[in-house]
Amino acid sequence: AIQRSHLRQGQSIHGTQLPLGNDDSNAFRLNRALMCSNVSTAPKWALRLCTIMVVVSWMTALRIGGKLNNSFYAFQNKVKTLNTQKTQAFDMIQDAKKKRDAILRQNRQQQRTRRLFDHEARMSEELYEMKQRNSNSEVTKLIEQRQNGITSSWVQQRQEALYHKIVNLQSIVQEQSRKRVIEKYGPGPHHMQFDVLTGQNARTPGTFVVELAPIDLVPYSVGAFLDMATHRLWDNTVFYHHSSQHHVIAAAPVNFGTFDPKGHHFEALGFDRLVFPDYSNEYPHSQYTLGFSGNGPNFYINAIDNSGHHGPGGQVHHEIAAEADPCFGKIISGHQALERMMPGRSASLNPNTWEDYDLTRIVSVRLIGTNALDS
6 AIQRSHLRQG QSIHGTQLPL GNDDSNAFRL NRALMCSNVS TAPKWALRLC TIMVVVSWMT
66 ALRIGGKLNN SFYAFQNKVK TLNTQKTQAF DMIQDAKKKR DAILRQNRQQ QRTRRLFDHE
126 ARMSEELYEM KQRNSNSEVT KLIEQRQNGI TSSWVQQRQE ALYHKIVNLQ SIVQEQSRKR
186 VIEKYGPGPH HMQFDVLTGQ NARTPGTFVV ELAPIDLVPY SVGAFLDMAT HRLWDNTVFY
246 HHSSQHHVIA AAPVNFGTFD PKGHHFEALG FDRLVFPDYS NEYPHSQYTL GFSGNGPNFY
306 INAIDNSGHH GPGGQVHHEI AAEADPCFGK IISGHQALER MMPGRSASLN PNTWEDYDLT
366 RIVSVRLIGT NALDS
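When we follow the working numbering, the leftmost residue of the sequence shown carries the number 6, and every step to the right adds one.
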C-alpha cells in the first residue's frame, strides 16, 4: 500500500521512475520492477555457491571418467587373458587329440600283434597234433621255423616300441633343456673363451673362442657344457694330444701338474655323465668342432674332419648303433693356439703316462656372452 501510494505520487523504486496512471497498471509495473531489482541484486554468496557446485560437478565427472577408463582397461586386459587362456586350452586340446590318436594307433598295433600271436598259436597247435600223429622230420622242422618266426617277430616289435619310447623321452629332455638354457643363459649364440698355456712345460699363454651349437639342435649338450663351465669344473685341467691320435685333442678332468682326478667334483654336481648322447645330423663333427666322448663329461677337439668316425655308427661304445658322440661347439678364433697344442714332440708310439703326451693346461673356461667378439 505504501508502494502504491508512492506510485500514485510518481516516485521511483531503486531509481526507476514510474509513470502516473491507474492503480492496476501501476501495480503491474511495480511487480515487474521488483523482479528485475531482485535478479540484479542477487547476493554474492549464491554466485560463489553456484561456482563451487559447478567445479565439484566437473571434478566428480573427471573422477568417475577416470574410474571408467580404469575399468575399461581392466576389462580389456581380462579379455586378453581370456583369449590367451582360450588359445592355451585349444593347444592342450590339440595335444590331447594327438596323444589320443597315438594311443589308438598303439592299441590297434597291439591288437594286430595279438591276432598274429593267436594265429601263430593255432598253427603251432595244429603242427603239434600233426607231429603226434606223424613223427615226420619235415613236420618237426616246420614247427621250429614257426617258433623262430614268432620269437623274432616279437623281439623286433618290442625293440621298435622301446626305441620309440627312447626317442620320445629324449625329445622331452631336449625341450626342457632348451627352455632352461634360454631362461638361464639366454637364447644364444653362446661364446666360451678358453685361456690355455701351451708349449714346453705349458708356459706359453694362448686363447681361443668357441661358439656353442644352436640350442634348437643339441640343447641338452649345450646346457650341460654351460653348466660345467659356469661351475668352473674345467679350470686347471688338461688338454692332451699324441701323434698316434692326431685326429683329436682330448680334455681330461684331472688337475694339471698333479694329475689327480676331478671326477668326484663332477659327480657331486651331477655332471659325471650325460643322460643320453644328444647328437644332430645338422651339426656334424667337422674340423675344429668340440664333442663329448660318449656320454661325457670328457670332451675333445676335432683336429680334422671326424664326421664319419664320430658320427652315427662310428663309435662302438654307444648302446645303440645309430647313436653318435654329441657335437656341441666350434672354434671360431684362436686357431694359432691349437697348432701349439699338438706339436707331436713325443716319440713314444704307445703312450702310457702323461709325459708321453703333448700337454696343455686349461687355465679357465668362461662364458663371454653373445656379442663379446664384437666388443
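Here a beta-carbon is modelled for each residue, glycine too, at the ideal position from N, C-alpha and C.
Bear in mind the structure is a predicted one, so any value in this text is a computation, not a measurement.
Item, Value
"Beta carbon of Leu-372 nearer than 9 Å to that of Ala-218", "no"
"Best match in Phe-271, Thr-294, Glu-272 and Ser-298 for proximity to Phe-281 [C-alpha to C-alpha]", "Ser-298"
"Exposure of Tyr-245, with buried meaning 16 or more beta-carbon neighbours within 10 Å", "buried"
"Proximity winner among Ser-226, Pro-348 and Leu-67, relative to Tyr-288 (alpha-carbon distances)", "Ser-226"
"Contact set for Ser-182: own chain, Cβ-Cβ below 7 Å, skip 5 residues either direction", "Pro-224, Tyr-225 and Gly-228"
"Close beta carbons around Ser-380, own chain, < 6 Å, minus the five adjacent residues each side", "At Ser-380 the pLDDT is 34, less than 50, meaning the model places this residue with poor confidence and gives no usable figure here."
"Beta-carbon contacts of Asp-232 that lie in its chain and below 7 Å, excluding the five residues immediately before and after", "Phe-276"
"Which listed residue (Asn-286, Arg-278 and Thr-242) has its alpha carbon closest to that of Pro-266", "Thr-242"
"Val-44 burial status per 10 Å Cβ neighbour count (16 or more: buried)", "Reliability fails at Val-44, whose pLDDT of 47 lies under 50, so the model's placement of it is uncertain and no value is given."
"Separation of Arg-105 from Phe-95, as counted between CA atoms", "15 Å"
"Three CB pairs or more closer than 8 Å across the stretch 291-308 and the stretch 167-174", "no"
"Contact the stretch 333-346 vs the stretch 195-213: 3+ CB pairs below 8 Å", "yes"
"Nonlocal neighbours in the same chain, by C-beta distance under 8 Å from His-315, ignoring five residues either side", "His-290, Gly-296, Asn-307, Ala-329, Asp-330 and Cys-332"
"Anticipated Cβ contact below 8 Å, Lys-83 with Glu-216, distance rounded", "The Cβ separation is near 44 Å, so there is no contact."
"Straight-line Cα distance separating Ile-254 from Tyr-305", "5 Å"
"CA-to-CA distance, Ile-309 to His-270, given in whole angstroms", "31 Å"
"Residue range of the unbroken alpha helix (DSSP H) whose run includes Thr-235", "224-235"
"Inter-residue Cα distance where the pair is His-382 and Ala-257", "Beyond the ends of the chain as shown, which are 6 and 380, falls residue 382; an answer cannot be given."
"Residue environment, Met-346, which counts as buried when at least 16 other CB atoms sit within 10 Å", "buried"
"Contact check, Ser-369 vs Phe-199, beta carbons under 9 Å", "yes"
"Beta-carbon proximity of His-236 to Leu-279, cut-off 9 Å", "no"
"Opening and closing residue of the alpha helix (DSSP H) in which Arg-366 lies", "No alpha helix (DSSP H) contains Arg-366, which is instead part of the beta strand (DSSP E) from 363-374."
"Integer Cβ distance of Arg-366 from Ala-207, believed to fall under 8 Å", "4 Å"
"Spatial distance of Gly-268 from Glu-165 (CA atoms)", "35 Å"
"Cα-Cα separation between Val-61 and Lys-85, rounded to whole angstroms", "36 Å"
"Euclidean distance between Cα positions of Arg-185 and Gln-81", "32 Å"
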